[in-house]
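Chains as they are written, first to last, in this note's numbering: chain R, 6 to 392; chain E, 4 to 232; chain G, 6 to 385. Right, one structure below, let's go through it.
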Amino acid sequence: MKIPISYNLRSMRARPVSTALTALGIALVVAVFIGMLALANGFASALVKTGSADNVLVLRKGADNEMSSSLDREASSILASVPQAARGDDGHALVSAESYVVIPLGRIEDTTGMANVVLRGVDAEAWKVRSNVKLTQGRLPASGQNELCLGAKLVGRFPNTAVGQSMTFAGRPWEVVCHFTAGGSAFESEMWGGSEQVMPALRRDNFQSVTLRLADPGAFEEVKRSLEADKRFTVDVHKESVFYAQQSQLLGNILRILAVLITSIMAVGAIFGAVNTMYAAVSSRMPEIAVLLTLGFKPRSVLASFLIESALIAFIGGVVGCLIALPLNGLVTSTTNWATFSEIAFAFRITPVLLLAGLVFAVVMGMLGGFFPARRASKVPVIQALR
Amino acid sequence: MALVEIRDVYKSFTRGAEKIDVFAGLTLDVEQGNFTALMGPSGSGKSTLLNLIAGLDKPTSGTVRVNGSEVSAMTPTQLAGWRSENVGFVFQSFNLLPVLTAFQNVELPLLLTRLSKKDRDERIKIALGVVGLDDRMDHYPRQLSGGQEQRVAIARAIVADPTLVLLDEPTGQLDAKSSQEVLSLLARLNDEFGKTILIVTHDPAAAKRAKRQLHLEKGTFVEQAELVP
Amino acid sequence: MKFWTLLRANLGRHKRRTFLTITSVALALFLFASLRSVITTIGAAAQFGSARRLVTTNSTGFILPLPVAYANRLEAVPGMEKVTWANWFGGQYGDGKRFFATFAVDAKSYLDIYPEMSVPADQKEAFLRDKGGALIGARLVDLFGWKVGQNVTLRGTIFPGDWIFTIRGVYTPTDPSINDDALMFHYDYLDERTGHKGNVGWYILEIDKPDNAAQIAKTIDDQFKSSPYPTKTGTEQAFNASFATMWGNIGLLMNTIGLAVVFAILLVTANAMMMSARERTRELAVLKTIGYSDRLLFGLVLAEAGLITITGAILGLGAAKLLYRATNFNAAGFLPGFDVSWATIATGGVIAMVLMLASGIVPAMQAARLPVVAALRNVE
Numbered sequence: 006m007k008i009p010i011s012y013n014l015r016s017m018r019a020r021p022v023s024t025a026l027t028a029l030g031i032a033l034v035v036a037v038f039i040g041m042l043a044l045a046n047g048f049a050s051a052l053v054k055t056g057s058a059d060n061v062l063v064l065r066k067g068a069d070n071e072m073s074s075s076l077d078r079e080a081s082s083i084l085a086s087v088p089q090a091a092r093g094d095d096g097h098a099l100v101s102a103e104s105y106v107v108i109p110l111g112r113i114e115d116t117t118g119m120a121n122v123v124l125r126g127v128d129a130e131a132w133k134v135r136s137n138v139k140l141t142q143g144r145l146p147a148s149g150q151n152e153l154c155l156g157a158k159l160v161g162r163f164p165n166t167a168v169g170q171s172m173t174f175a176g177r178p179w180e181v182v183c184h185f186t187a188g189g190s191a192f193e194s195e196m197w198g199g200s201e202q203v204m205p206a207l208r209r210d211n212f213q214s215v216t217l218r219l220a221d222p223g224a225f226e227e228v229k230r231s232l233e234a235d236k237r238f239t240v241d242v243h244k245e246s247v248f249y250a251q252q253s254q255l256l257g258n259i260l261r262i263l264a265v266l267i268t269s270i271m272a273v274g275a276i277f278g279a280v281n282t283m284y285a286a287v288s289s290r291m292p293e294i295a296v297l298l299t300l301g302f303k304p305r306s307v308l309a310s311f312l313i314e315s316a317l318i319a320f321i322g323g324v325v326g327c328l329i330a331l332p333l334n335g336l337v338t339s340t341t342n343w344a345t346f347s348e349i350a351f352a353f354r355i356t357p358v359l360l361l362a363g364l365v366f367a368v369v370m371g372m373l374g375g376f377f378p379a380r381r382a383s384k385v386p387v388i389q390a391l392r
Numbered sequence: 004m005a006l007v008e009i010r011d012v013y014k015s016f017t018r019g020a021e022k023i024d025v026f027a028g029l030t031l032d033v034e035q036g037n038f039t040a041l042m043g044p045s046g047s048g049k050s051t052l053l054n055l056i057a058g059l060d061k062p063t064s065g066t067v068r069v070n071g072s073e074v075s076a077m078t079p080t081q082l083a084g085w086r087s088e089n090v091g092f093v094f095q096s097f098n099l100l101p102v103l104t105a106f107q108n109v110e111l112p113l114l115l116t117r118l119s120k121k122d123r124d125e126r127i128k129i130a131l132g133v134v135g136l137d138d139r140m141d142h143y144p145r146q147l148s149g150g151q152e153q154r155v156a157i158a159r160a161i162v163a164d165p166t167l168v169l170l171d172e173p174t175g176q177l178d179a180k181s182s183q184e185v186l187s188l189l190a191r192l193n194d195e196f197g198k199t200i201l202i203v204t205h206d207p208a209a210a211k212r213a214k215r216q217l218h219l220e221k222g223t224f225v226e227q228a229e230l231v232p
Numbered sequence: 006m007k008f009w010t011l012l013r014a015n016l017g018r019h020k021r022r023t024f025l026t027i028t029s030v031a032l033a034l035f036l037f038a039s040l041r042s043v044i045t046t047i048g049a050a051a052q053f054g055s056a057r058r059l060v061t062t063n064s065t066g067f068i069l070p071l072p073v074a075y076a077n078r079l080e081a082v083p084g085m086e087k088v089t090w091a092n093w094f095g096g097q098y099g100d101g102k103r104f105f106a107t108f109a110v111d112a113k114s115y116l117d118i119y120p121e122m123s124v125p126a127d128q129k130e131a132f133l134r135d136k137g138g139a140l141i142g143a144r145l146v147d148l149f150g151w152k153v154g155q156n157v158t159l160r161g162t163i164f165p166g167d168w169i170f171t172i173r174g175v176y177t178p179t180d181p182s183i184n185d186d187a188l189m190f191h192y193d194y195l196d197e198r199t200g201h202k203g204n205v206g207w208y209i210l211e212i213d214k215p216d217n218a219a220q221i222a223k224t225i226d227d228q229f230k231s232s233p234y235p236t237k238t239g240t241e242q243a244f245n246a247s248f249a250t251m252w253g254n255i256g257l258l259m260n261t262i263g264l265a266v267v268f269a270i271l272l273v274t275a276n277a278m279m280m281s282a283r284e285r286t287r288e289l290a291v292l293k294t295i296g297y298s299d300r301l302l303f304g305l306v307l308a309e310a311g312l313i314t315i316t317g318a319i320l321g322l323g324a325a326k327l328l329y330r331a332t333n334f335n336a337a338g339f340l341p342g343f344d345v346s347w348a349t350i351a352t353g354g355v356i357a358m359v360l361m362l363a364s365g366i367v368p369a370m371q372a373a374r375l376p377v378v379a380a381l382r383n384v385e
């Protein structure tokens, strides 16, 4: 015979303040849990979305990020003629040799707050090699002009980023001629200019990377082998998607570890709160429990009933926690990805799976907290409880 | 001047929409050193009268004077201080703090004084000695019998040497033997130590031990019997 | 104080509840202290810097190089006392999972300008004499078990290939904000192996008087403004401070979580206090009959809440301060000098007070306002 849930609901309503306080405590833990993992998610997904599985990124051997790499013009032109490269509508190979540097810019709300913004020197092919890049305003930079196209996440967060305005660095003005989006990826935190303008401004003659689209994505291993064995240069060949995903590991792991640590400690507190509440609930309901037992309900049912009650309270807390965290979704924040030493802006990303995890977490907390009190309730000797 | 002077006291409660008059113009004197029993049926207002004398409640009109002070006109803060010096209260259900030992329970009123720990300890031992429980000082209430608990309560009531000892049905939860112990103790407190005692009771045995009996019925005294001139 | 017995007895009434509540407070304040210390550590690093030291970088972007030839011209600037330079090397050891800073420096002048890096005299001599030698931070000895005299191989990321160094000395920073896990080697060695390009990462300068800093900085930057490698010069402190801002909004994140933590713990404590209060109405009424004033009872209830929160605070804040010190925690090098400051502890104490008030005020007021007669009647 199972004790009906209505009994638990009535009991919860009879102690509204205690129930509410406990649920709210759990809600806060769940909210922090979801918030921090959403932060880690958003960061990781921005980077994962950056690379495509169809593209190949070539860097100098040993370089662990684009900035450390260096490929001279000769190597770059050899790489540009790789036979497995796909061809665009105009017949040109989809290969992009790029220059990469970070420029410290002052943030708009506090110009002493520096961010290392990526400046990528590209040519016309870059826009085609990266299929997720789309212009939202303006036109592509013209060749021969000091013009910039800004990723969407830079707009409004740094001074002079509107189309038509002029940003100054490397000792000269650069006119902003367009904005672009890139599917929420890291490219949206970058400034793109013509490489023939960018490289002289930086006093550089070498590119940092060559990216090419494979006509047949399955040819990756073949391309990797032949390029890495080529005696004319020493390079590492990466699948673009894998490379960028790896760049998220350092900070992504830190955020996830932090999330687990912080919410674990908070969870212990919330569980203790639940323990207190449930023990008090059991104490005050001793006579009722005795009545239930004399009526023939098994001790196991009493245990289950109290466990369900603490799970219910926790579940309500979990729902409230999800609601508290939900407004974070889509909120844009930024930090320096220490792996690449560059600024990346990304949005909190709450997924249905994450919300579900939050609810499960809540219920687990509740049941952990309610276990010993529930066991005490089920072990009550009837005579004592009736006294 | 009597120790307790109750003059023309009216007291009424409102329960819901009803107004219940407990006393209408009650007048009473209690002399120093009296041992008075207050008796009467349920609802006659015995406990209410006790509460008025202790300053736990205020009359609707009229005055209550104890030891010269107009208790009915004091503020709650003044009353608290006054009570700590002048009143010792004993309840039917003992009302000892279960988390404190007998010794610590008796100490409670003394914490309100400026006495040093040494002085406090001395008085507690004396009080527990008077009630005959100095060998159980470190026991918790749950380790004491009902009669012993009540005697600790009495020790607590007298430890600060109050002017007045008020007891509300002190033998109500005790068996015959324990009741006798407690009542003998009260008689001794009155005879040997000259304590003024006012006891509300149903128990005829308790009433017999008192030197004066007051019967309260529907808010007025019905008969007064002086057992000892 | 004389009511101590009563307070302690009340808390001992439900030992488990008291224990759980104190532990919750301790955990929450431990967490709070940890989060806050992230902010204070970053802040302390941002403030580090001698008032007489300036840093000169390429003004276009500090990852771009400056010519080593600038050194002479910098030395000639009026007010200049010392000049040294360094390059970011970016080497990896082993699987590269444990990151640590690697620099090429102009050894003699660098150690001269940074007396905060303490090296035993004989080790310093050995390092200066060996062009292929390396100076390592004390923590690297613990991390990798490296010993003086040993060879280590680093994998270059910016400068490709395997680089072998001989450890000649171990430095210990005298200021906690300086990383104790860096590896330094000779600039000449790097320059030689990379074809004598003469590229420097940044210059560190020591000037005669701090008051001259702004003027000297301007002199330098004006001098190189129109050259192919324009400079940006500022105080060392400004340089470190701008590094700190690269973390972004970490302050807001830590503070928000900290707030949530404190609020959550408030709920737990308030709940526990409320439960205790509910169970004690009769006893409070009895105390009132004895003559305990409303104000006294108010204070006693509040004091009870205070005992819980303050005990929890002492445990939690104390544990934080001791634990991080004892484990020499520095977040794998990202937060050098990580420490729970006394200011943080004081803030934690204030939070404990606020917790006491917030969790105790309602039960305390209820105790003060308790109508004695009614409470006793309900019970008799």
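Virtual Cβ for every residue (Gly too), placed ideally from N, Cα, C.
| query | result |
| --- | --- |
| Could one say the Cβ of Leu362(G) lies closer than 8 Å to chain R's Cβ atoms, at least one of them? | no |
| Could you tell me which of Gly335(R), Ala350(R) and Glu201(R) sits nearest to Thr341(R), measuring between CA atoms? | Ala350(R) |
| Beta-carbon of Arg208(R) versus every beta-carbon of chain G: anything under 8 Å? | yes |
| If you reduce the DSSP assignment to three classes, tell me which class Leu322(G) lands in. | helix |
| Are any of the Cβ atoms in chain E nearer than 8 Å to that of Thr294(G)? | yes |
| For His191(G), list the residues DSSP reports as bridge partners. | Val110(G) |
| How many whole angstroms separate the CB atoms of Val203(R) and Ser104(R), which I take to be in contact at a CB cut-off of 8 Å? | 5 Å |
| Short of 9 Å Cβ to Cβ, which residues in the stretch 90-110 of chain G face chain R? | Gly95, Gln97, Gly101 and Phe104 |
| Would Glu245(R) and Leu62(R) qualify as a contact pair, given that the criterion is a beta-carbon distance under 8 Å? | yes |
| Is the stretch 253-264 of chain G touching the stretch 8-22 of chain R, taking contact as three or more C-beta pairs under 8 Å? | no |
| For Lys66(R), decide whether its Cβ has a neighbour in chain G, counting only Cβ atoms nearer than 8 Å. | yes |
| Using alpha carbons as the reference points, say which of Thr171(G), Asp216(G) and Gly84(G) lies closest to Gly138(G). | Thr171(G) |
| Give a yes or no on whether 8 Å exceeds the smallest Cβ distance from Phe26(E) to chain G. | no |
| Which residues in chain R sit within 9 Å of Tyr234(G), going by Cβ to Cβ distance? | Arg208 |
| Taking a Cβ distance cut-off of 8 Å, strictly less, list which residues of the stretch 77-89 of chain R are near chain G, in chain order. | none |
| Between which two residues does the alpha helix (DSSP H) harbouring Asp122(E) extend? | Lys120 to Val133 |
| Give me the residue from Tyr12(R), Leu29(R) and Val34(R) with the minimum Cα distance to Ala362(R). | Val34(R) |
| Would Asn15(G) pass as an interface residue toward chain E - the criterion being a Cβ-Cβ separation below 8 Å? | yes |
| With a threshold of 8 Å between beta carbons, is Leu111(E) in contact with chain G? | yes |
| Which bits of chain G does Phe92(E) rub up against, with CB to CB less than 8 Å? | Thr294 and Ile295 |
| How would you list, in chain order, the residues of chain G whose beta-carbon sits under 8 Å from the beta-carbon of Thr239(R)? | Pro165 |
| Which one or two residues does DSSP pair with Tyr105(R) in a beta bridge? | Arg125(R) |
| For Leu305(G), is the classification buried or exposed, using 16 other Cβ atoms within 10 angstroms of its Cβ as the cut-off for buried? | buried |
| Is Leu147(E) close to chain G, meaning its C-beta is less than 8 Å from at least one C-beta of that chain? | no |
| What in chain G is Cβ-close to Ala57(E), meaning under 9 Å? | Thr294 |
| Could you name the residues of chain G that Met372(R) contacts, counting a contact when the two beta carbons are closer than 8 Å? | Under the 8 Å cutoff, chain G gives no residues; its nearest Cβ is about 17 Å from Met372(R). |
| Should Lys22(E) be labelled buried (16 or more other beta-carbon atoms within 10 Å of its own) or exposed? | exposed |
| When DSSP labels each residue in this structure, what does Asn245(G) get in the three-state scheme? | helix |
| Using only the alpha-carbon positions, how far apart do Ala167(R) and Gly156(R) sit? | 11 Å |
| Report the residue ranges of all beta strand (DSSP E) runs contained in full by the stretch 297-358 of chain R; include only those spanning at least 3 residues, in chain order. | 337-342 and 347-352 |
| Report yes if the C-beta distance between Ala91(G) and Ala109(G) is below 8 Å; otherwise report no. | yes |
| Near Lys87(G), which residues of its chain fall below 8 Å by C-beta distance, leaving aside the five closest residues on each side in sequence? | Ser114, Asp117, Ile118, Leu210 and Glu211 |
| Since Asn278(G) and Gly353(G) are thought to touch, with beta carbons under 8 Å apart, how far apart are those beta carbons, to the nearest angstrom? | According to the sequence shown, residue 278(G) is Met rather than Asn. Their Cβ separation, rounded to whole angstroms, is 20 Å, which puts Met278(G) and Gly353(G) out of contact at 8 Å. |
| Ignore the nearest five residues each way along the sequence and tell me which others in Ser23(R)'s own chain have a CB closer than 6 Å to its CB. | Thr282 |
| With burial defined as no fewer than 16 other Cβ atoms inside 10 Å of the residue's Cβ, what is the status of Val387(R): buried or exposed? | exposed |
| Check whether the Cβ atoms of Ala275(G) and Ala380(G) lie closer than 8 Å to each other. | no |
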